[in-house]
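Student:
In the working numbering, the protein residues as written are 15 to 387.
What follows is the structure in structure tokens.
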């Protein structure tokens with residue numbers, strides 16, 4: 015459906031939005047400060063939102079600051095995206111047990127999640143969820159575990175007004191505002207005194223119909239437009255103008271891979287905070303009596319030694335090979351699999367890399383046009 019006309023929603027009425035979602039049977043998650051970061055946590059009171067918080071991000075740095083601003087969403091992002099809510103970090107796929115005759119029985123364990131409403135979703139994370147949908151729902155294999163959580167997800171997006179220094183969603187075409195068709199149910203544009211609210215789905219319209227909304231005036235629309243322009247102009251990081259897909263594949267032996275490896279810790283932080291990475295391992299958890307076992311799927315990373323272990327050998331022994339695999343897949347070969355880049359420009363991999371490796375800088379070096387090219 016098309017996105018509805020923006021209407022004004024006063025900040026003083028924000029508790030009403032939370033109450034409506036709870037009354038509709040949703041568990042609410044919203045951004046809150048915990049352990050020095052903005053995280054999505056259970057929410058039932060507007061007072062729990064991070065009013066006045068700003069985040070300062072740069073390579074290997076994430077820090078929160080408080081201001082006297084009345085706004086709840088004047089921060090860029092935290093370490094979480096939507097990925098953990100649909101692609102669980104650890105989950106049981108099936109379990110086996112012996113019946114009375116000693117025969118093994120296998121039982122699939124499809125989750126039955128409570129409907130979940132997430133408030134504060136950014137446009138980059140909507141884009142990340144769209145990519146995850148392609149991976150788990152729209153390919154040859156349909157993942158019922160992911161699907162069960164995805165179908166129960168209601169998304170209240172908020173346009174980003176204060177991008178971090180590490181953000182580059184304008185370079186990937188994913189922000190800083192959410193466009194029609196990007197998957198939100200409700201969309202908020204935060205202004206000084208309240209919000210412009212739009213519905214993007216039937217579920218969103220049903221929630222909006224229960225809120226005290228009024229017509230938005232020209233000044234509100236002007237403020238929203240200026241805010242978007244300022245957010246776009248804030249982002250200075252860019253991607254190479256050359257064809258990144260082709261250039262990465264042409265420069266698999268570039269000396270910069272070795273230079274990166276001298277700094278990279280192979281810790282996998284970049285893959286853990288990435289909204290689109292989906293590497294995983296499967297493990298058996300047998301009971302000690304040998305009568306039953308649980309088969310689990312857990313997040314993995316292409317930076318671990320075990321991820322490239324196949325039948326007696328590890329074919330990505332060195333850190334440079336692992337980083338090359340990650341960056342090349344993210345910006346090049348991902349296109350062949352899913353018809354898009356694997357990056358949404360959220361900048362998390364830059365902020366949360368303990369070595370401060372900046373993918374935009376590394377791509378600029380590796381994909382730079384060579385004199386003899």
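By construction, the Cβ of each residue, glycine as well, lies at the ideal position given by its N, Cα and C atoms.
May I ask you to report which of helix, strand or coil DSSP gives residue 35?
Tutor: Helix at residue 35.
Student: For residue 202, tell me which candidate among 218, 187 and 188 has the shortest Cα-Cα distance.
Tutor: Closest option to residue 202, Cα to Cα, is 218.
Student: Leaving out five residues before and five after residue 333 in sequence, what residues of the same chain have Cβ atoms less than 6 Å from its Cβ?
Tutor: These residues qualify, in order along the chain: 275, 278 and 280.
Student: If we call anything under 8 Å between Cβ atoms a contact, is residue 44 one with residue 36?
Tutor: No. Outside cutoff.
Student: With a threshold of 8 Å between beta carbons, is residue 133 in contact with chain B?
Tutor: Considering every chain present, this structure includes no chain B. It has just one protein chain.
Student: Suppose you measure from the CA of residue 24 to the CA of residue 210; what does that come to, to the nearest Å?
Tutor: Using only the alpha carbons, I get a separation of about 9 Å.
Student: Check whether the region 257-274 and the region 59-75 are in contact - that is, three or more C-beta pairs closer than 8 Å.
Tutor: No, the region 257-274 does not touch the region 59-75.
Student: For residue 379, which residues from the same chain have a beta carbon less than 7 Å from its beta carbon, with the 5 sequence-adjacent residues on both sides left out?
Tutor: 270.
Student: Please name the residue in 315, 284, 101 and 327 whose C-alpha comes closest to that of residue 363.
Tutor: Residue 363 has its Cα closest to that of 284, out of 315, 284, 101 and 327.
Student: Would you be able to state if there are at least three C-beta pairs under 8 Å between the region 285-294 and the region 145-154?
Tutor: Flag = yes, the region 145-154 and the region 285-294 touch.
Student: Could you pull the start and end residues of the alpha helix (DSSP H) that residue 259 belongs to?
Tutor: It spans 258-264 - the alpha helix (DSSP H) in which residue 259 sits, taken as one unbroken run.
Student: Taking DSSP's pairing of strands, which residues face residue 213 in a bridge?
Tutor: Its beta-bridge partners are 200.
Student: Comparing C-alpha positions only, which one of 262, 133 and 230 sits nearest to residue 33?
Tutor: Per the Cα distances, 133.
Student: Could you have a look at residue 319 and say whether DSSP puts it in helix, strand or coil?
Tutor: Of the three classes helix, strand and coil, the one that applies to residue 319 here is coil, per DSSP.
Student: Note down, in chain order, each residue of its chain lying with its Cβ closer than 8 Å to the Cβ of residue 79, except the 5 sequence neighbours on either side.
Tutor: Within the same chain, residue 79 has close Cβ partners 67, 68, 69 and 70.
Student: Are at least three pairs of beta-carbons, each pair with one atom in the region 325-342 and one in the region 238-257, less than 8 Å apart?
Tutor: Too few Cβ pairs lie closer than 8 Å, so no.
Student: In the DSSP assignment, find the beta strand (DSSP E) that holds residue 228 and state where it starts and stops.
Tutor: Start and end: 227-229.
Student: Taking just the CA atoms, how far does residue 118 sit from residue 372?
Tutor: In a straight line, the C-alpha of residue 372 is about 50 Å away from that of residue 118.
Student: Which word fits residue 163, buried or exposed, when buried means at least 16 other C-beta atoms lie within 10 angstroms of its C-beta?
Tutor: Looking at its Cβ environment, which holds 16 or more other Cβ atoms inside 10 Å, residue 163 is buried.
Student: Would you mind reading off the limits of the alpha helix (DSSP H) that contains residue 332?
Tutor: Counting along the chain, residue 332 falls outside any alpha helix (DSSP H), and DSSP gives it neither H nor E.
Student: Given residue 294, which residues of its chain have a CB within under 7 Å of its CB, disregarding the five upstream and five downstream residues?
Tutor: Excluding sequence neighbours, residue 294 sits near 311, 312, 313 and 314.
Student: CA-CA distance, residue 8 and residue 346?
Tutor: The shown model of the chain, from 15 to 387, leaves out residue 8, and the question about it has no answer.
Student: If you check the beta carbons only, do residue 307 and residue 110 fall under 8 Å apart?
Tutor: Yes, they are a contact pair.
Student: Please give the ranges of any alpha helix (DSSP H) in the region 165-197, keeping only runs that are unbroken, at least 4 residues long and fully inside the region.
Tutor: DSSP runs (the alpha helix (DSSP H)) wholly in the region 165-197: 183-186.
Student: At 3 residues or longer, what runs of the beta strand (DSSP E) sit wholly inside the region 52-126?
Tutor: Counting whole runs of 3 or more residues, the region 52-126 contains the beta strand (DSSP E) stretches 67-72, 75-80, 104-112 and 118-122.
Student: If you follow the alpha helix (DSSP H) that residue 242 is part of, which residue opens it and which one closes it?
Tutor: From DSSP, the alpha helix (DSSP H) with residue 242 extends over 232-248.
Student: Would residue 205 and residue 238 qualify as a contact pair, given that the criterion is a beta-carbon distance under 8 Å?
Tutor: Their beta carbons are under 8 Å apart, which means residue 205 touches residue 238 by this criterion.
Student: For residue 323, count the other beta carbons within 10 Å of its own beta carbon; 16 or more makes it buried, fewer makes it exposed. Which is it?
Tutor: Answer is exposed; the Cβ neighbour count stays below 16.
Student: Would you give the residue range spanned by the alpha helix (DSSP H) that residue 277 belongs to?
Tutor: First-last for residue 277: undefined, no H or E at that position.
Student: When the Cβ atoms of the region 162-180 are set against those of the region 342-358, are three or more pairs found closer than 8 Å?
Tutor: In short, these stretches do not touch, since the Cβ pair count stays below three.
Student: Between which two residues does the beta strand (DSSP E) carrying residue 148 extend?
Tutor: Element bounds for residue 148: not the beta strand (DSSP E) but the alpha helix (DSSP H), 137-150.
Student: Quick one: grab the DSSP three-state call for residue 364.
Tutor: Residue 364: helix per DSSP, three-state reduction.
Student: Is residue 386 helix, strand or coil by DSSP?
Tutor: Residue confidence for residue 386 is low, a pLDDT of 44 falling below 50, so the modelled location carries little weight and cannot support an answer.
Student: Shortest alpha-carbon distance to residue 136 belongs to which of 189, 130 and 128?
Tutor: Taking only the C-alpha atoms, the option nearest residue 136 is 189.
Student: Indicate the three-state DSSP secondary structure (helix, strand or coil) for residue 158 in the structure shown.
Tutor: Correct three-state label for residue 158: helix.
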